[in-house]
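Novice:
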Amino acid sequence: MSPSSPPSGPTRLSRRAVVGAALAGAAALTAIGPARAATAAAPRPPAHPPVPPTPLPPLDVTALRTAISDLAHPEATGAQLRVTGSAGSWYGTAGVADRATGRPVREHDTFRIGSITKVFVATVILQLAAEDRLVLDAPVQRYLPGLLPSAFPSLSTTQLLNHTSGLPDESGAGVPDLSTPEAIARHRYDRWTPEQLVAQIASGPMKFAPGSKQEYRGINYVLLALLIERLTGRRYGEVIASRILRPLGLRQTSVPGKDVRIHGPHVHGYLRMTDGSLLDITDYDQTAAWGEGEMISTTGDLDRFLTALFSGTLLPRPFLERMCTLPAGVSMIDGSPARYGAGLQTVTMNGITFWGKTGERYGYGSFMVATRDQQRRAVFSFNPTHRDATQVQMTLRVAAALTKG
């Protein structure tokens, strides 16, 4: 992509297709909750009304190990799974972190978390709302004047959070076709500004009236990250660090910005090329994802984040409830039931309801999920060599093992 043109329509559409396939498979287990700065020393009341305990089967360690060890379906180079909570704990790995050295995956290895970034963004937005720095149901154009075309209807921050905005598909004359692994490799160091990301939706028609349907869209969270910057006068990554990462001690979680590398011990991502070779795709400019998917973390840090969210450390009760409330009377654009709250998504597997978020970047796939009562939390990371709908096979298999009776 050229730095002067907006990012790719095909790129965005293919990514949405991957996510949609995962969700349709009932395994794109999703994200959970917002947050307020974790600075108060006084204990907080519970973040939500008491939730009846979820009847959970004991952990089936054999099933968990089997689920992550099959690195052929889909093809992946490594995997790690952390399961915690009052109903039992387990951690396991499979494969290698680095094919060049043969080093195995280790507990503190970092990885790209993709769209799990959205949970951090949603958390900060709801913190700001709890502090009366924005009105969630007011037009977002009030806070971001001139950014969206004047012909667009009013959109609320809530509609961005829960993917009911109806914003147009991405398009533009400078959009490259990233349909082959070779094309992906050529464009791995392209750099974008958030304004360029927004510009790619400026010429298209709205998909539907805001608030009438639900469609998962990364651009919603690019706008939310811009909103954080407008309200605070600081880079959104700095705000996430000051409000969430440092207070919770998430020392291995970062917002890379323009840094294409992952520093310290980390898991490498790989891309299967047309000739059958594997390309190390770890170094990659994440500015095309920005507020929708650029962060880096570990399974341990994400588990601590989940714990803080559900424990009420980060948000007052009404705002956490927004994260776990689906919009009434709204279906997905394909007619299936709505599944996104204000930053989170829900899925029920084998009678057990989780809230969480999936994430993916080239060479990386992940999810973090938990039951509301925290009997079971899980953070999973794996390294698929193809970025397509086959990724859902691994997610489904692990989800089934987590809930096996």
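Here the sequence shown is numbered in this note's numbering, starting from 432 and rising by one per residue. Note that the Cβ used here is the ideal one computed from N, Cα and C, for glycine as well.
Within 10 angstroms of the Cβ of R682, are there 16 or more other Cβ atoms? Answer buried if so, exposed if not.
Specialist: Here R682 is exposed. Its C-beta has fewer than 16 other C-beta atoms within 10 Å.
Novice: Which runs of the alpha helix (DSSP H), 4 residues or longer, sit entirely within the stretch 607-644?
Specialist: Counting only runs of 4 or more, we get 612-617 and 625-630.
Novice: For the 8 Å Cβ check, are there 3 or more pairs between the stretch 543-552 and the stretch 726-740?
Specialist: yes
Novice: For S767, is the classification buried or exposed, using 16 other Cβ atoms within 10 angstroms of its Cβ as the cut-off for buried?
Specialist: A residue is called buried once 16 or more other Cβ atoms fall within 10 Å of its Cβ, and S767, having fewer, is exposed.
Novice: Could you tell me if D819 is buried or exposed, where buried requires 16 or more neighbouring beta carbons within 10 angstroms of its beta carbon?
Specialist: exposed
Novice: Got a sec, what are the start and stop residues for the beta strand (DSSP E) S767 sits in?
Specialist: Element bounds for S767: n/a, residue is neither H nor E.
Novice: In terms of alpha-carbon separation, which member of V606, G509, N651 and L751 lies closest to L579?
Specialist: N651
Novice: Since P505 and T821 should fall inside the 8 Å C-beta cutoff, what is the C-beta to C-beta distance between them, to a whole number of angstroms?
Specialist: Indeed, because the Cβ distance is near 4 Å, the residues count as touching under 8 Å.
Novice: So, is R467 buried or exposed, given that buried needs 16 or more other C-beta atoms within 10 angstroms?
Specialist: Note that R467 scores 27 on pLDDT, short of 50, meaning its location in the model is unreliable and no value can be drawn from it.
Novice: Between the C-alpha atoms of R496 and V536, what's the straight-line distance to the nearest angstrom?
Specialist: 14 Å
Novice: Here's a check: name, in chain order, each residue in its chain whose Cβ is nearer than 6 Å to the Cβ of L655, leaving out the five neighbours to either side.
Specialist: V552, I556 and L591
Novice: Cβ of R677 versus every heavy atom of the ligand NAD: is any distance shorter than 7 Å?
Specialist: With respect to the ligand NAD, the structure shown offers nothing to examine, as it has no ligands at all.
Novice: List, from N- to C-terminal side, the alpha helix (DSSP H) runs of 4 residues or more that fit wholly inside the stretch 757-836.
Specialist: 822-833
Novice: If you count every other CB in all the chains shown that lies within 10 Å of the CB of K689, and 16 or more means buried, which is it?
Specialist: exposed
Novice: State the start and end residues of the unbroken alpha helix (DSSP H) segment that holds R656.
Specialist: According to the sequence as given, residue 656 is Ala; it is not Arg. Where A656 is concerned, the enclosing alpha helix (DSSP H) stretches over I650 to T663.
Novice: So, are the CB atoms of I712 and G724 less than 8 Å apart?
Specialist: no
Novice: Please report how far the alpha carbon of H618 lies from the alpha carbon of H539, in whole angstroms.
Specialist: Rounded to the nearest whole angstrom, the CA to CA distance from H618 to H539 is 30 Å.
Novice: Please list, in chain order, all residues of the same chain as T611 whose beta carbon is under 8 Å from its beta carbon, the five residues on each side excluded.
Specialist: T705
Novice: Return helix, strand or coil for G708, following the three-state DSSP convention.
Specialist: The identity of residue 708 in the sequence shown is Ser, whereas the question assumes Gly. Three-state DSSP puts S708 in coil, outside helix and strand.
Novice: Note the first and the last residue of the continuous beta strand (DSSP E) segment covering V527.
Specialist: Here the beta strand (DSSP E) through V527 covers W521 to D529.
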